[in-house]
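Peer 1: If you count by UniProt numbering, then the sequence shown holds residues 1 to 462, one letter each, in order. Ideal Cβ placement from N, Cα and C applies to all residues, glycine included.
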Amino acid sequence: MEGSGHHRLLPTEYLVILLDEDQDEDAMLLGARFCTDSFSSISHDTVKDGAAFSLFARIESIGSLEVKGALGSLQRKQIILIDNDGVKINFLLWGEQVILANLFSIGCMLALDTPFIASAPANGGMSEEICLEYGSITQLYLVPFVQHEEQVHLSSTQTRYQGSKSCTQNQSQSKGSQVILPLNPQGSIDFSSYPFRAYVSDLSDKMTGISLYGTVTDIKRERESVEIVFSMTIADTTGSIVAKLYFVGSWSLGRLSPGHTVYITGLNCLTNRKKRLEVSWFEKDSESTFVNLSSLPALLNSSCLHRLYCLSDIHKRKNSTNICSVHLSLIELHHIRPVLSHTVCGHPVCETCDGVVQCSFCHLTCEGELMRCFHLEITVADGSSSVFTWSTGQTASELLQISPDEFYELPEDEQAMYLYTLKNERFMIAIVHSLPKPERCFVSGSKEDYPIWEITRAQKCD
Numbered sequence: 001m002e003g004s005g006h007h008r009l010l011p012t013e014y015l016v017i018l019l020d021e022d023q024d025e026d027a028m029l030l031g032a033r034f035c036t037d038s039f040s041s042i043s044h045d046t047v048k049d050g051a052a053f054s055l056f057a058r059i060e061s062i063g064s065l066e067v068k069g070a071l072g073s074l075q076r077k078q079i080i081l082i083d084n085d086g087v088k089i090n091f092l093l094w095g096e097q098v099i100l101a102n103l104f105s106i107g108c109m110l111a112l113d114t115p116f117i118a119s120a121p122a123n124g125g126m127s128e129e130i131c132l133e134y135g136s137i138t139q140l141y142l143v144p145f146v147q148h149e150e151q152v153h154l155s156s157t158q159t160r161y162q163g164s165k166s167c168t169q170n171q172s173q174s175k176g177s178q179v180i181l182p183l184n185p186q187g188s189i190d191f192s193s194y195p196f197r198a199y200v201s202d203l204s205d206k207m208t209g210i211s212l213y214g215t216v217t218d219i220k221r222e223r224e225s226v227e228i229v230f231s232m233t234i235a236d237t238t239g240s241i242v243a244k245l246y247f248v249g250s251w252s253l254g255r256l257s258p259g260h261t262v263y264i265t266g267l268n269c270l271t272n273r274k275k276r277l278e279v280s281w282f283e284k285d286s287e288s289t290f291v292n293l294s295s296l297p298a299l300l301n302s303s304c305l306h307r308l309y310c311l312s313d314i315h316k317r318k319n320s321t322n323i324c325s326v327h328l329s330l331i332e333l334h335h336i337r338p339v340l341s342h343t344v345c346g347h348p349v350c351e352t353c354d355g356v357v358q359c360s361f362c363h364l365t366c367e368g369e370l371m372r373c374f375h376l377e378i379t380v381a382d383g384s385s386s387v388f389t390w391s392t393g394q395t396a397s398e399l400l401q402i403s404p405d406e407f408y409e410l411p412e413d414e415q416a417m418y419l420y421t422l423k424n425e426r427f428m429i430a431i432v433h434s435l436p437k438p439e440r441c442f443v444s445g446s447k448e449d450y451p452i453w454e455i456t457r458a459q460k461c462d
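1. Could you spell out where the alpha helix (DSSP H) holding G31 opens and where it closes?
2. For the stretch 384 to 435, which segments carrying the alpha helix (DSSP H) assignment without a break, of at least 4 residues, lie completely within its bounds, in sequence order?
3. Apart from the five residues just before and just after D462, which ones in its own chain have a Cβ nearer than 7 angstroms to its Cβ?
4. Over what stretch of residues does the alpha helix (DSSP H) that includes L300 continue unbroken?
5. Report the residue ranges of all beta strand (DSSP E) runs contained in full by the stretch 68 to 117; include only those spanning at least 3 residues, in chain order.
6. Count the other C-beta atoms from every protein chain shown that fall within 10 angstroms of the C-beta of I137, then say buried if there are 16 or more, exposed otherwise.
7. I need the straight-line Cα distance from M428 to I455, nearest angstrom please.
8. Going by the CB atoms, is the gap between T238 and S211 shorter than 8 angstroms?
9. Taking just the CA atoms, how far does F53 sit from residue 469?
10. Buried or exposed for N292, going by 16 or more other Cβ atoms inside 10 Å?
11. Return the first residue and the last residue of the alpha helix (DSSP H) that T217 is part of.
12. Pull up the distance between the alpha-carbon of K77 and that of S105, whole angstroms please.
13. Verify whether the separation of the beta carbon atoms of E224 and S231 is less than 8 angstroms.
14. In the DSSP output, what is T271 paired with across the bridge?
15. Leaving aside the five residues before and after M109 along the sequence, list all residues of the same chain whose C-beta is less than 6 angstroms from its C-beta, in chain order.
16. Going straight from the alpha carbon of E412 to that of E367, what length do you get?
17. Compute the Euclidean distance between the alpha carbons of L15 and N84, then round it to the nearest angstrom.
18. So, for L18: in the same chain, excluding its five sequence neighbours on each side, which residues have a beta-carbon less than 6 angstroms away from its beta-carbon?
19. Quick check on this structure: which residue in D22, L328 and D205 has the alpha carbon closest to the alpha carbon of L311?
20. So, with DSSP's three-state summary, where would you put D190?
21. Taking the C-alpha atoms as reference points, what is the distance between L245 and M207?
22. Can you round the beta-carbon distance between A111 and F145 to whole angstroms, since I take them to be within the 8 angstroms contact cut?
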């Protein structure tokens, strides 16, 4: 055989044999070969004496690590196993072996026949701590984890807003569906693999992996918590719910404000001791995602993702992100001001009485994490109406087509002349209804004069 690489007997030199404990032959194999040794019986002395082990354990976690060496980096999978005695040990896969981990999942039972016994690499091989590796004569047997399941009735809430088709169904037909969904180890129904649109009214106790689409009506940090936790109120056509967002470090979702439309997955629902439903979201969970749809560039770039609305219609759609084709109608110099914003979240910063620069949103000290940007109030118009709006950050720079540093280098009379040249420039915009908050600084003066429509994205029309 000719070709690159080295010779192989099989497409892969690594093999995993799947077993079913409900099959007599597989159960006998496990019982005869893998029920005598335990992790506590392994030591360097027994290895030196030539002892071989056949071990059976449950997969508790699967992690990845890239190890850097003199000749480059090497991928490594660290799998934590726990045996029937509760003893834990690391099972390591190196290099091209890591592909085997695609067959594993947490909760599976793994049988290892004659694994290679090594010193834990974290200890430089100098400690008595040991780990298991896939050796030249190792054989792996895998008993997949079978999740417990529960029959769930999905009400007609999931289809009532899907269009005329569901409205014309025969009333004698069932208004719900019966599906079988898995339970997670805590006994919650796992919706992460079931593709249906959940509404706020669908949420109940012991649900996990929920996806929700709605409008943010309020968001603030829980300052009394030692963790980085934000309370976000999200609303849809059926109601509203408060979700607590838990972050690993700091806020990581970019700029988010009331009125923005979001899509969030990985929500968990539990009833607390006061019989109130608590909804939580953890950034560290692998199935957790958070998308601010109001700020997506693709929302304006892709015509298949939006429908154009006239400005005269958006007052009827205050809970949506509206896409409109407009021109700049009125830009006044006194409606533009420079602000310092936190680069992490895009919100303005303020200086405390003791001189500390603090983010108005994260409430974190943010020295060295500042950016200069515009706060802009501008009137946009189309053939149907005109709307007084506001924007900030990159969106404001897109509308003005200049950076804050460049703009404020100009003399004041040249600034006014530059703004005059922008009149009637055409843009595609994403615009949301954003109620003013007392803590905002109003460029226009009084709160009553402050614009309640925010432009979240803008793209100049050629």
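Peer 2: Well, looking at it:
1. Unbroken alpha helix (DSSP H) run through G31: D24 to R33.
2. With a minimum length of 4 residues, the continuous alpha helix (DSSP H) runs that stay inside the stretch 384 to 435 are 393 to 400, 404 to 409 and 412 to 421.
3. Cβ-Cβ distances below 7 angstroms link D462 to nothing in the same chain once the five nearest sequence neighbours on each side are left out.
4. Unbroken alpha helix (DSSP H) run through L300: A298 to N301.
5. Entirely contained in the stretch 68 to 117, the beta strand (DSSP E) runs reaching 3 residues are, in chain order, 72 to 82, 88 to 94 and 109 to 113.
6. Flag for I137 reads exposed.
7. Answer to the nearest angstrom: the Cα atoms are 10 angstroms apart.
8. Taking 8 angstroms as the Cβ cut-off, S211 and T238 do not qualify as a contacting pair.
9. Outside the shown range of the chain (1 to 462) lies residue 469, about which nothing can therefore be said.
10. Counting Cβ neighbours within 10 Å, N292 comes out buried, since at least 16 surround it.
11. No alpha helix (DSSP H) holds T217; the beta strand (DSSP E) holding it covers M207 to R221.
12. About 13 angstroms.
13. Taking 8 angstroms as the Cβ cut-off, E224 and S231 do not qualify as a contacting pair.
14. Its beta-bridge partners are L277.
15. Counting only Cβ-Cβ distances below 6 angstroms, and skipping sequence neighbours, we find R58 and V143.
16. Their backbone Cα atoms lie some 29 angstroms apart in a straight line.
17. One C-alpha to the other measures close to 25 angstroms.
18. Excluding residues within five positions, the ones whose Cβ falls inside 6 angstroms are L142.
19. Residue L328 is the option with its Cα nearest to L311.
20. Strand.
21. One C-alpha to the other measures close to 16 angstroms.
22. Between F145 and A111 the Cβ distance is about 14 angstroms, and since that is not below 8 angstroms, they are no contact.
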